[in-house]
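Step one of this worksheet: look at the structure below.
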Amino acid sequence: MKEGFRQAMAWLHTWTGLIFGWLLFAIFLTGTLSYFKDEISHWTQPEVQSHPLDPVTSLGLAQRYLESNAGHASTWFIRLPSEREAALSVSWRDPNGGGRRGFTDKELDARTGEAVEARDSRGGEFFYRFHFQLQMPHPWGRWLSTFCAFIMLLGLVTGIITHKKIFKEFFTFRPGKGQRSWLDGHNAIGVLVLPFHLMISYSSLVIFMYMVMPASILASYGDSSGYFNDVFGRDEVPEAVAQAAPLAPLSDLYAKVQEQAPGARMGYIQVHNPGDRNARVTFTRASADSVAYQRSAIWTFDGVSGELLRRGAPESAAMTTSFTFVGLHMGNFAGPWLRWLYFAFGVAGTAVIGTGLVMWLGKRQLKHAKSARMPGELRLVEVLNIASMSGLLLGVAAFFWANRLLPATLEGRADWEINGFFLAWGASLLHAMLRSGRRAWGEQLTLGALAFALLPLLNALTSDKGLDHSIAAGDWAMAGFDLTALATGLFLAWAAGKMLRAPKPAAKRAPRAAKTVEAS
Amino acid sequence: MLGVALMGFAGFAGLCLAMEKHFNDLLGRKPTASQQRAMRVGGWALLLLSLALAVQLRGWALGLVEWIAVLMAGVTLWVFGLPYVPRLLLGLAAASLVLGPLLAVLAV
Chain A
0 MKEGFRQAMA WLHTWTGLIF GWLLFAIFLT GTLSYFKDEI SHWTQPEVQS HPLDPVTSLG
60 LAQRYLESNA GHASTWFIRL PSEREAALSV SWRDPNGGGR RGFTDKELDA RTGEAVEARD
120 SRGGEFFYRF HFQLQMPHPW GRWLSTFCAF IMLLGLVTGI ITHKKIFKEF FTFRPGKGQR
180 SWLDGHNAIG VLVLPFHLMI SYSSLVIFMY MVMPASILAS YGDSSGYFND VFGRDEVPEA
240 VAQAAPLAPL SDLYAKVQEQ APGARMGYIQ VHNPGDRNAR VTFTRASADS VAYQRSAIWT
300 FDGVSGELLR RGAPESAAMT TSFTFVGLHM GNFAGPWLRW LYFAFGVAGT AVIGTGLVMW
360 LGKRQLKHAK SARMPGELRL VEVLNIASMS GLLLGVAAFF WANRLLPATL EGRADWEING
420 FFLAWGASLL HAMLRSGRRA WGEQLTLGAL AFALLPLLNA LTSDKGLDHS IAAGDWAMAG
480 FDLTALATGL FLAWAAGKML RAPKPAAKRA PRAAKTVEAS
Chain B
0 MLGVALMGFA GFAGLCLAME KHFNDLLGRK PTASQQRAMR VGGWALLLLS LALAVQLRGW
60 ALGLVEWIAV LMAGVTLWVF GLPYVPRLLL GLAAASLVLG PLLAVLAV
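The listed protein sequences correspond, in order, to chains A and B. In terms of numbering that gives the first Met the number 0, the first sequence opens at residue 0 and continues consecutively. In terms of numbering that gives the first Met the number 0, the second sequence opens at residue 0 and continues consecutively.
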């Protein structure tokens, strides 16, 4: 009975892992990149200069720019520069204006307040969006990625049940032993980083719980917008009354917020009806300031008198719990070293999926090692493994190469970067179909190694933000990107070397240490 | 937080050495029963102590998150480094045993 249950779980783990593994690998990899969303965007828009932070001056500059360029807008949004974002971003909605739903976005230089003519690029935002929308029409991508999160959670639970010796082999990793080593690696990264894996997959379901379990929301609200207004504590904004009245200096209001919450960093500042007697100004605290999202950290002012009208409503216990999961998933609160750990654990999650896919195939290939041709279904899995792993890496590299090589004036430039990503990914699928397994791996990894390792050089040649400049100027987001690309290239070169060298016969080396007890 | 990380690292090293197989592989002899018990108790004590310290330094929310993060990072480094550089890691664990509490005392 017990063995039957474990076998059933192993079956579930094996097959859901295979079917969803390819997609999960992409979701995990792009999600991992998203921990450096702002840093990636910084690299993809090298025209934006970073300056020392000065929120008061920045607010004044934003207000001056918006008053002279968007006086008739119904709403302004301001994002102040932060440790991670160099630009002072402003956007406004003009009911009569063009753009996306009447929105216009501008990035200002944080020192001069002038608009920066940066190249059009989605930057880190592309990977972030792809991570949960999969470039599919709304809402299908969200549904599919949420379902994948559920499968990941299922994979973790069934994996724990399948893995018999979770404590006995807690510290075990035996390299150089073929399938044995892959299984050890898969288990060890899965178990040692389990708290992260569980948190990530469970919190994904919490983030989209309004989609996954909508019954109670629909029953009490009818639709989800009323629910969101209640959850996030948005208030009704009065209509403009068409009586001109000057807007209070935003820096004064900022000072009032600082009195109430000393040292608080601002996420964004929203101004409704600017220049009208019914102007409202809302300050929202940066999500970097706490683990859980805090709806109470909102301050609404009368935009003319500067009187504080409201603070956000306090959170209930259930809300704090779900906001904590959301906050943990996003990791906005993480400073530099914790952010690097988040990145490393994301890579670990990606590696668990990747090693699982490799093992599924390796185990079955062994049975056909003597026959000349691999059965069609195994060949299919092999091609998909190659395209979904090394192919995706090539796609990511292509995105960055396109970012530096496409002319700044190209029509639909940002879209062409994304096309570059998918074209490279598609080409890798084609390549994997035409070449034998090992060769395809080796060639794609070699290309990937070159593409990533040369990114710092490309950056130095096509912008004035090469490593020589960025390290000297202490621009660590820029330098960190280049150095990470270089490290990725070296890692891929190592992997490519393993693939291109003739395969060794299944190693039967004598154990190095005194003895290794049983190898069941 | 470095102190917490080092203490956690030493703690996991202790728990690893509390297992006969690993003790044997790493130190080349069989552990006595009392050595095993000492490693186990010492390992757990270090983990708990590092948790208390993390919470003390950073509060419950951040302390707990950062504690888990540095622990996971440390133990992953230990397990995947062990087959390649066992002596280095043993030395690192021994150094952490001294440096961890020292840094922690300085930070409080």
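By construction, the Cβ of each residue, glycine as well, lies at the ideal position given by its N, Cα and C atoms. For clarity, every value in this text was computed on a predicted model and none was experimentally measured.
Among the options, which has the Cα closest to the Cα of residue i?
i, options, result
"Tyr-267(A)", "Pro-138(A), Arg-310(A), Leu-58(A) and Leu-23(A)", "Leu-58(A)"
"Phe-27(A)", "Arg-128(A), Glu-84(A) and Trp-10(A)", "Arg-128(A)"
"Leu-133(A)", "Gln-293(A), His-162(A) and Trp-21(A)", "Trp-21(A)"
"Ser-144(A)", "Gly-101(A), Met-210(A) and Gly-177(A)", "Met-210(A)"
"Ala-494(A)", "His-137(A), Leu-444(A) and Asp-474(A)", "Leu-444(A)"
"Ala-72(A)", "Gly-274(A), Phe-322(A), Phe-300(A) and Ser-370(A)", "Gly-274(A)"
"Leu-252(A)", "Ala-312(A), Gln-269(A) and Phe-480(A)", "Gln-269(A)"
"Thr-15(A)", "Pro-138(A), Leu-152(A) and Thr-74(A)", "Leu-152(A)"
"Glu-116(A)", "Val-280(A), Ser-223(A), Gln-44(A) and Leu-360(A)", "Gln-44(A)"
"Gly-175(A)", "Ala-93(B), Tyr-83(B), Ala-94(B) and Gly-2(B)", "Tyr-83(B)"
"Leu-392(A)", "Phe-24(A), Arg-276(A) and Gly-355(A)", "Phe-24(A)"
"Ala-32(B)", "Asp-24(B), Leu-16(B), Leu-45(B) and Ala-44(B)", "Leu-16(B)"
"Leu-379(A)", "Ala-459(A), Glu-106(A), Ser-67(A) and Leu-428(A)", "Leu-428(A)"
"Thr-161(A)", "Asn-186(A), Gln-62(A) and Arg-284(A)", "Asn-186(A)"
"Lys-163(A)", "Met-8(A), Gly-390(A), Thr-281(A) and Leu-360(A)", "Met-8(A)"
With a Cβ-Cβ cutoff of 8 Å, do residue i and residue j count as a contact?
i, j, result
"Phe-125(A)", "Met-18(B)", "no"
"Thr-31(A)", "Val-357(A)", "no"
"Leu-491(A)", "Gly-447(A)", "yes"
"Phe-451(A)", "Gly-394(A)", "no"
"Gln-48(A)", "Asp-104(A)", "no"
"Ile-165(A)", "Ala-350(A)", "no"
"Pro-100(B)", "Met-38(B)", "no"
"Gly-123(A)", "Asp-37(A)", "yes"
"Phe-195(A)", "Gly-348(A)", "yes"
"Ala-239(A)", "Arg-264(A)", "no"
"Leu-62(B)", "Val-74(B)", "The question names Leu, but residue 62(B) in the sequence shown is Gly. Their beta carbons are not under 8 Å apart, which means Gly-62(B) does not touch Val-74(B) by this criterion."
"Trp-75(A)", "Leu-60(A)", "no"
"Ala-9(B)", "Leu-96(B)", "yes"
"Val-78(B)", "Leu-191(A)", "yes"
"Phe-322(A)", "Trp-298(A)", "no"
"Arg-434(A)", "Met-498(A)", "no"
"Gln-178(A)", "Gly-361(A)", "yes"
Which chain B residues sit within Cβ distance under 7 Å of residue i?
i, result
"Leu-340(A)", "Ala-68 and Ala-72"
"Pro-194(A)", "Ile-67 and Met-71"
"Phe-344(A)", "Met-71"
"Val-290(A)", "Ala-60, Leu-61 and Val-64"
"Leu-337(A)", "Glu-65 and Ala-68"
Below 8 Å on the Cβ atoms is my guess for residue i versus residue j; work out the distance and round it to an integer in Å.
i, j, result
"Leu-308(A)", "Ala-278(A)", "Not confirmed; about 11 Å, so no contact."
"Ala-484(A)", "Pro-455(A)", "6 Å"
"Leu-88(B)", "Leu-81(B)", "6 Å"
"Thr-319(A)", "Ala-296(A)", "Their Cβ separation, rounded to whole angstroms, is 13 Å, which puts Thr-319(A) and Ala-296(A) out of contact at 8 Å."
Determine the chain B residues that contact residue i at a beta-carbon separation under 9 Å, and present them in chain order.
i, result
"Arg-294(A)", "Those within 9 Å of Arg-294(A) in chain B number zero; the least Cβ separation is about 16 Å."
"Leu-327(A)", "Val-64"
"Pro-174(A)", "Phe-79, Pro-82 and Tyr-83"
"Ala-187(A)", "Thr-75, Val-78 and Phe-79"
"Phe-324(A)", "What Phe-324(A) touches in chain B: nothing, since even the nearest Cβ is about 12 Å away."
"Phe-231(A)", "Going along chain B, no residue has its Cβ under 9 Å from Phe-231(A), so there is no contact; the nearest lies around 20 Å."
Mind checking which residues open and close the alpha helix (DSSP H) that includes residue i?
i, result
"Gly-361(A)", "335-366"
"Lys-36(A)", "36-43"
"Glu-376(A)", "375-385"
"Thr-523(A)", "Chain A is shown only over 0 to 519; residue 523(A) falls outside these bounds and no answer can be derived."
"Lys-464(A)", "That residue, Lys-464(A), is in no alpha helix (DSSP H); it is neither H nor E in DSSP."
"Tyr-226(A)", "223-231"
"Gln-259(A)", "249-259"
"Met-38(B)", "32-80"
"Ile-297(A)", "Note, Ile-297(A): premise wrong, no alpha helix (DSSP H); beta strand (DSSP E) at 297-301."
"Ile-417(A)", "412-433"
"Ser-321(A)", "316-329"
"Val-270(A)", "Here Val-270(A) belongs to no alpha helix (DSSP H); instead the beta strand (DSSP E) covers 265-271."
"Ser-90(A)", "Element bounds for Ser-90(A): not the alpha helix (DSSP H) but the beta strand (DSSP E), 87-92."
Show which residues of chain B have a CB atom less than 8 Å away from the CB atom of residue i.
i, result
"Leu-191(A)", "Met-71, Val-74, Thr-75 and Val-78"
"Ala-263(A)", "The contacting residues do not exist; Ala-263(A) stays about 16 Å from chain B at best."
Starting from residue i, trace the beta strand (DSSP E) both ways and give me its first and last residue.
i, result
"Thr-74(A)", "74-78"
"Thr-103(A)", "102-107"
"Leu-523(A)", "What is shown of chain A runs 0 to 519, which leaves residue 523(A) out entirely."
"Leu-152(A)", "From DSSP, Leu-152(A) is part of no beta strand (DSSP E) but of the alpha helix (DSSP H) over 139-161."
"Thr-408(A)", "Where Thr-408(A) is concerned, there is no enclosing beta strand (DSSP E), given that its DSSP letter is neither H nor E."
Taking residue i as the query, report the chain A residues whose CB atoms sit under 7 Å from its CB, ordered along the chain.
i, result
"Pro-30(B)", "In chain order: nothing, as chain A lies at least about 13 Å away."
I want to verify the contact list: residues of chain A whose CB lies under 9 Å from the CB of residue i, in sequence order.
i, result
"Met-6(B)", "By Cβ distance, chain A contributes nothing, its closest Cβ being about 17 Å from Met-6(B), past 9 Å."
Listing by chain order, which chain A residues have their CB less than 8 Å from the CB of residue i?
i, result
"Met-38(B)", "The premise fails here: Met-38(B) is roughly 12 Å from chain A at the closest Cβ pair, so nothing lies under 8 Å."
(request) Could you run through the segment 141-172 of chain A and flag, in chain order, every residue whose CB is less than 7 Å away from some CB of chain D? (result) In the displayed structure, chain D is absent; the protein chains listed are A and B.
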